[in-house]
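Line by line, the protein sequences are chains A and G.
According to the working numbering, the stretch in the first sequence is residues 23 to 223, in order.
According to the working numbering, the stretch in the second sequence is residues 691 to 870, in order.
Yeah, the Cβ is synthetic: ideal placement off N, Cα and C, and Gly gets one too.
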Amino acid sequence: MNAPLFKFGLFGDEFSLVVAFLIGIGFGFFLERAGFGSARKLTDQFYLKDMAVFRVMFTAIVTAMLGLFYLGWLGWVDLSLVYVSPTFLWPQVAGGLLLGVGFVVGGYCPGTSLVALATGKLDALAFVAGIFAGIFAIGEAWPAISGFAESSALGRLTLPEVLHLPAGLVVLLVVLMAVGGFWGAAALERRFAGRGAGEGS
Amino acid sequence: MSSLSQPARRGPAPYTNPYLAGIGLGLVLLASFVVMGRGLGASGAFSSACAVAVDALAPAHAQANPFWKEYLESGVGHPLKEWLVFEVLGVLAGGFLSGLLAGRVRRTVEKGPRISTGGRFAFAFVGGALMGIGAKLGRGCTSGQALTGGALLSAGGWAFMLMVFAGGYGAAWFLRRQWQ
Numbered sequence: 023m024n025a026p027l028f029k030f031g032l033f034g035d036e037f038s039l040v041v042a043f044l045i046g047i048g049f050g051f052f053l054e055r056a057g058f059g060s061a062r063k064l065t066d067q068f069y070l071k072d073m074a075v076f077r078v079m080f081t082a083i084v085t086a087m088l089g090l091f092y093l094g095w096l097g098w099v100d101l102s103l104v105y106v107s108p109t110f111l112w113p114q115v116a117g118g119l120l121l122g123v124g125f126v127v128g129g130y131c132p133g134t135s136l137v138a139l140a141t142g143k144l145d146a147l148a149f150v151a152g153i154f155a156g157i158f159a160i161g162e163a164w165p166a167i168s169g170f171a172e173s174s175a176l177g178r179l180t181l182p183e184v185l186h187l188p189a190g191l192v193v194l195l196v197v198l199m200a201v202g203g204f205w206g207a208a209a210l211e212r213r214f215a216g217r218g219a220g221e222g223s
Numbered sequence: 691m692s693s694l695s696q697p698a699r700r701g702p703a704p705y706t707n708p709y710l711a712g713i714g715l716g717l718v719l720l721a722s723f724v725v726m727g728r729g730l731g732a733s734g735a736f737s738s739a740c741a742v743a744v745d746a747l748a749p750a751h752a753q754a755n756p757f758w759k760e761y762l763e764s765g766v767g768h769p770l771k772e773w774l775v776f777e778v779l780g781v782l783a784g785g786f787l788s789g790l791l792a793g794r795v796r797r798t799v800e801k802g803p804r805i806s807t808g809g810r811f812a813f814a815f816v817g818g819a820l821m822g823i824g825a826k827l828g829r830g831c832t833s834g835q836a837l838t839g840g841a842l843l844s845a846g847g848w849a850f851m852l853m854v855f856a857g858g859y860g861a862a863w864f865l866r867r868q869w870q
């Protein structure tokens, strides 16, 4: 097998849009299955009452990471052809912080707000309108802020390169971190489940 | 899905076990890597739509801004015939399908017990706006950077993901009355 299939010319640009739609269906389906069309379920993560966001996210990361690592090791997927978005360290640190705050203020992230919208949540409609407003604002401001927004451009950069460790070892460390996190998540839930706003804060 | 076979099921079905849902999500992401050579995303589709809207209202202005111009020049012949735009349409369809099968499609407003509906809409709008700004600075959102970048061991993706959790936990105490 020569993969990624698209990069080896198995199908063209037009058909890639059909693939996009099908992959999107799978993505939206499992987000909704997990309960991520609900702002309260999502934000419970940040009140340590329900760590489903962490569990789903890290199970997905470990599944895809291990799958890709082994397929690459077997020589079935050319890992150099899998697109890794370039690192812009400080803008991404700032962007991540803003996104985290926006998550608790708004109750969703962009992907989950679409699932919420698809299942009838009217607050998700306000959230989606907010996303457009935010993108419009930063798009208009981009020429003025590009000095920062395009700074610390480090290109395609991965953790094994940063840490000077073999990729397999970093994969193992991520798996161990996830398993430790799952264990810790259960302990935190036992402590915080059922607490109201006034208590224990 | 044994609950579906019971004729008089009341209320929505329980959510899927998070580890099973996570494996499902991970396999979808893996399929995207293997078939397309790229991961998932969401915020990019909003940017494409926004760029097209700005271009329709003020074409000269949009073309003069490199941010809009980049989105207007992508896509298969048209900026909305973009991979992420079609993926996001699939997310809407897949979310609706799952919700329908589980009896969870219902017109409602999700909010904490102590906030008004109008207040919830205002917070949702502001939160969405912060997300829009954050996702553009971060070159992606929870899907494109945290999930996809996380699985690809991208340095920027991991820095972004850690900061999302830091920002969320930092803000949670101040916003506890909205949710709890």
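Beta-carbon proximity check, residue i vs residue j, cutoff 7 Å
i, j, result
"Ile167 (chain A)", "Gly822 (chain G)", "no"
"Gln114 (chain A)", "Gly846 (chain G)", "yes"
"Ala148 (chain A)", "Phe811 (chain G)", "yes"
"Leu210 (chain A)", "Leu70 (chain A)", "yes"
"Gln868 (chain G)", "Gly802 (chain G)", "yes"
"Ile157 (chain A)", "Ser738 (chain G)", "no"
"Ile83 (chain A)", "Ala841 (chain G)", "yes"
"Ser173 (chain A)", "Arg829 (chain G)", "no"
"Ala189 (chain A)", "Leu719 (chain G)", "no"
"Gly778 (chain G)", "Leu144 (chain A)", "This sequence places Val at residue 778 (chain G); Gly is not what is there. No, they are not a contact pair."
"Ala735 (chain G)", "Leu762 (chain G)", "no"
"Asn24 (chain A)", "Phe30 (chain A)", "yes"
"Leu827 (chain G)", "Ala171 (chain A)", "yes"
Local conformation of residue i per DSSP, three classes
i, result
"Thr706 (chain G)", "coil"
"Leu179 (chain A)", "coil"
"Thr109 (chain A)", "strand"
"Ala56 (chain A)", "coil"
"Lys826 (chain G)", "helix"
"Ser173 (chain A)", "coil"
"Lys29 (chain A)", "helix"
"Thr141 (chain A)", "coil"
"Ser844 (chain G)", "strand"
"Val799 (chain G)", "coil"
"Val854 (chain G)", "helix"
"Val99 (chain A)", "strand"
"Lys759 (chain G)", "helix"
"Phe864 (chain G)", "coil"
"Ser806 (chain G)", "coil"
"Ser693 (chain G)", "In this prediction, Ser693 (chain G) scores a pLDDT of 49, lower than 50, which makes its location untrustworthy; no coordinate-derived value is stated."
"His751 (chain G)", "helix"
"Val104 (chain A)", "coil"
"Ala814 (chain G)", "helix"
"Glu772 (chain G)", "coil"
"Lys71 (chain A)", "coil"
"Ala207 (chain A)", "helix"
"Tyr130 (chain A)", "coil"
"Met212 (chain A)", "Per the sequence presented here, residue 212 (chain A) reads as Arg, with Met not at that position. In this structure, Arg212 (chain A) counts as helix in the three-state DSSP scheme."
"Ala732 (chain G)", "coil"
"Ala219 (chain A)", "Residue confidence for Ala219 (chain A) is low, a pLDDT of 47 falling below 50, so the modelled location carries little weight; the figure read from the coordinates is stated next. The answer is coil: DSSP assigns Ala219 (chain A) none of H, G, I, E or B."
"Gln870 (chain G)", "coil"
Interface residues of chain G facing residue i [CB-CB closer than 7 Å]
i, result
"Gly156 (chain A)", "Gly818, Ala819, Leu820, Met821, Gly822 and Ile823"
"Ser173 (chain A)", "Correct list: empty, because the minimum Cβ distance to chain G is about 11 Å."
"Tyr105 (chain A)", "Gly727 and Arg728"
"Gly129 (chain A)", "Glu800, Ala814 and Gly817"
Integer Cβ distance of residue i from residue j, believed to fall under 8 Å
i, j, result
"Phe850 (chain G)", "Gly118 (chain A)", "4 Å"
"Ala732 (chain G)", "Gly133 (chain A)", "4 Å"
"Leu136 (chain A)", "Gly857 (chain G)", "Not a contact, Cβ separation roughly 21 Å."
"Pro26 (chain A)", "Met726 (chain G)", "6 Å"
"Gly48 (chain A)", "Tyr705 (chain G)", "That belief does not hold up - the Cβ atoms of Gly48 (chain A) and Tyr705 (chain G) are roughly 17 Å apart, past 8 Å."
"Ala819 (chain G)", "Ala155 (chain A)", "5 Å"
"Thr109 (chain A)", "Leu179 (chain A)", "4 Å"
"Thr838 (chain G)", "Gly714 (chain G)", "Going by Cβ atoms, the distance from Thr838 (chain G) to Gly714 (chain G) rounds to 16 Å, so no, they are not a contact pair."
"Tyr130 (chain A)", "Ala146 (chain A)", "6 Å"
"Gly161 (chain A)", "Trp848 (chain G)", "The Cβ separation is near 26 Å, so there is no contact."
Chain A residues whose Cβ lies nearer than 8 Å to that of residue i
i, result
"Glu777 (chain G)", "Ala42, Phe43, Ile45, Gly46 and Phe49"
"Val742 (chain G)", "Simply none; closest approach about 12 Å."
"Ser833 (chain G)", "Phe49, Cys131, Pro132 and Gly133"
"Ala849 (chain G)", "Thr109, Leu111, Gln114, Val115 and Gly118"
Neighbour list for residue i in chain G, Cβ cutoff strictly below 8 Å
i, result
"Ala56 (chain A)", "Tyr705, Thr706, Pro708, Ala711, Gly712 and Leu715"
"Leu176 (chain A)", "Ala845 and Gly846"
"Pro165 (chain A)", "Asn755, Pro756 and Phe757"
"Tyr69 (chain A)", "Ala862, Arg866, Trp869 and Gln870"
Chain G contact residues for residue i, given Cβ-Cβ distances below 9 Å
i, result
"Gly152 (chain A)", "Ala814, Phe815, Val816, Gly817, Gly818, Ala819, Leu820, Met821 and Gly822"
"Pro182 (chain A)", "Leu843"
Chain A residues whose Cβ lies nearer than 9 Å to that of residue i
i, result
"Leu837 (chain G)", "Met79, Ala82, Ile83, Ala86 and Gly133"
Discussion item. Short of 7 Å Cβ to Cβ, which residues in the stretch 36-47 of chain A face chain G?
Written reply: Glu36, Ser38, Leu39, Val41, Ala42, Phe43, Leu44, Ile45, Gly46 and Ile47
Item to complete: Quick one: which residues of the stretch 112-123 of chain A get their C-beta closer than 8 Å to a C-beta of chain G? List them in chain order.
Response: Pro113, Gln114, Val115, Ala116, Gly117, Gly118, Leu119, Leu120, Leu121, Gly122 and Val123
Practice prompt. Taking only beta carbons into account, state which residues of the stretch 798-818 of chain G come closer than 9 Å to chain A, listed in chain order.
Written response: Thr798, Val799, Glu800, Lys801, Gly802, Arg804, Thr807, Arg810, Phe811, Ala812, Phe813, Ala814, Phe815, Val816, Gly817 and Gly818
Worksheet entry | Residues in the stretch 717-728 of chain G having any Cβ partner in chain A nearer than 9 Å | Leu717, Val718, Leu719, Leu720, Ala721, Ser722, Phe723, Val724, Val725, Met726, Gly727 and Arg728
Practice prompt. Taking only beta carbons into account, state which residues of the stretch 778-796 of chain G come closer than 8 Å to chain A, listed in chain order.
Written response: Val778, Leu779, Gly780, Val781, Leu782, Ala783, Gly784, Gly785, Phe786, Leu787, Ser788, Gly789, Ala792, Arg794, Val795 and Arg796
Worksheet entry | Cβ-based contacts, 8 Å cut-off: residues of the stretch 749-762 of chain G near chain A | Asn755, Pro756, Phe757 and Trp758
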